[in-house]
Each structure stands twice: as structure tokens, then as C-alpha cells.
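Asker: Using UniProt numbering, you'd call the opening residue of the sequence shown number 1 and step up by one each time. Each residue gets a CB set at the ideal place from its N, CA and C atoms; glycine is no exception. Sharing a structure here in C-alpha cells format.
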Amino acid sequence: MNMASTVSQFLDDHSVRYRIIPHAHSATSRETAHKADVREDRIAKAIILKDERGMVMTIIPASASLNMRAVRDETGRNHLEMADEADFATLFDDCEVGAVPALGPAYGLITLVDSDLEERDTIYLEAGNHEELVALDGRDFDQLLHNCRHCNLTRDWI
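Here it is, written out as C-alpha cells:
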């Protein structure tokens, strides 16, 4: 499968230059980092959450774990939980299952971006399949997601 058409159209619509990084088939963001020879903290990993109000995309570094308490505090939505892939398969119908691109606005999703991804030289994200990453300039990534909420989603809570 090639890069998701929604991703390529979104990047083209915003005049963002990017390159495709092929890698051996991978099942997780961390595995992708190793197979693509990319640092885990440079890969933007998308995690889809849901509640009775709908879905939310969170974007964190592949090297981190999502802090649900931080998400709930940021959104005021106390019933958000991890969505099953079946919950959002139709939304990402141009992607392989489990290869969600970290570009919530392209799919019309409310999106929260972890502040650890800001000011990176290069950001890598799923292309919508399990064999390619999209590499783009960190400033372009920041610009694509400038209307999203940027916050600390991976901090430890006491």
C-alpha cells in the first residue's frame, strides 16, 4: 500500500515538502523507529481516544507513554479511553489497520500534540501503512498542527 491519499493531499494542500522513508514491515512505532533507523523521540505517534462526544487524536513521541490523566485535565473530558481500531477504521479507510498518521486535522479530529515534539529538526510519522514513514521538517509539522492544543501529555503525575 502507498502513502494514504488523505495524508498526501493534506501535505500538498499546505505546500509541505516531505520524503518517504521505506522500512521493513513493522507493527509498533518503536519497532518502526528501529527498522527505519530513526530515533524514537523523532517519530510522532498517534493515539486515538474516544468518549460519548467523539474521538480525539493525541500525538506523542514514540519513545513516550500517554498520560491519560494529563489528557483528561487538558480536555475536561473525564471519560476518554483508548479507542479500538474497529472504532476508527472507517475514518482512516485509506490506511492499513494500526498505521494511523499523526495528522489529526487531515482527518477532521480534535488533536492534542505533546510539547516534546516541538522544535524538532525533523519529524517522522506513519504514512498510513506499515512499510513507510513520512519525513518532514519540524517547522512544517508545527505549522500543520498550529491550531491544535500543544501540551505535556507524557508527564508523570504525583
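Rounded to a whole number of angstroms, what is the C-alpha to C-alpha distance between R149 and L136?
Answerer: Translated into the one-based positions of the sequence shown, residue 149 becomes position 149. Translated into the one-based positions of the sequence shown, residue 136 becomes position 136. If you take the alpha carbons of R149 and L136, they lie about 20 Å apart.
Asker: Starting from the N-terminal side, write out each stretch of the beta strand (DSSP E) that is 3 residues or longer and does not extend beyond the stretch 40 to 96.
Answerer: Fully enclosed beta strand (DSSP E) runs of 3 or longer: 43 to 51, 54 to 61.
Asker: Comparing C-alpha positions only, which one of H146, C151, I47 sits nearest to L125?
Answerer: For the purposes of this step, residue 125 is identified with residue 125 of the sequence shown, where counting begins at 1. Of the candidates H146, C151, I47, the one whose C-alpha sits nearest the C-alpha of L125 is I47.
Asker: Helix, strand or coil: which one does DSSP assign to P105?
Answerer: Against the sequence shown, residue 105 aligns to sequence position 105. Note: P105 maps to helix in three-state DSSP.
Asker: Using three-state DSSP, classify R139 as helix, strand or coil.
Answerer: Working through the sequence shown from its first residue, we reach residue 139 at position 139. Correct three-state label for R139: helix.
Asker: How close, in whole Å, do the beta carbons of M3 and A127 come, if the pair is a contact with beta carbons under 8 Å?
Answerer: By one-based count along the sequence shown, residue 3 stands at place 3. By one-based count along the sequence shown, residue 127 stands at place 127. With 8 Å as the limit, M3 and A127 qualify as a contact, their Cβ atoms being about 4 Å apart.
Asker: If I'm right that V56 touches L109 with Cβ under 8 Å, what's the distance once you round it to whole angstroms?
Answerer: In the sequence shown, residue 56 corresponds to position 56, counting from 1. In the sequence shown, residue 109 corresponds to position 109, counting from 1. V56 to L109, Cβ: 7 Å. Contact.
Asker: Taking H150 as part of the beta strand (DSSP E), name the residues at either end of that continuous run.
Answerer: Taking the sequence shown and counting its residues from 1, the one referred to as residue 150 is at position 150. Residues 149 to 151.
Asker: Between which two residues does the beta strand (DSSP E) holding T122 run?
Answerer: On the sequence shown, residue 122 is found 122 positions in, with the first residue counted as 1. Unbroken beta strand (DSSP E) run through T122: 122 to 126.
Asker: How far does the alpha helix (DSSP H) with D13 in it reach, from first residue to last?
Answerer: Counted from its first residue, the sequence shown places residue 13 at position 13. Start and end: 5 to 13.
Asker: Could you tell me the distance, in whole angstroms, from the CA atom of L11 to the CA atom of K50?
Answerer: Taking the sequence shown and counting its residues from 1, the one referred to as residue 11 is at position 11. Taking the sequence shown and counting its residues from 1, the one referred to as residue 50 is at position 50. Looking at the two C-alpha atoms, the distance is approximately 26 Å.
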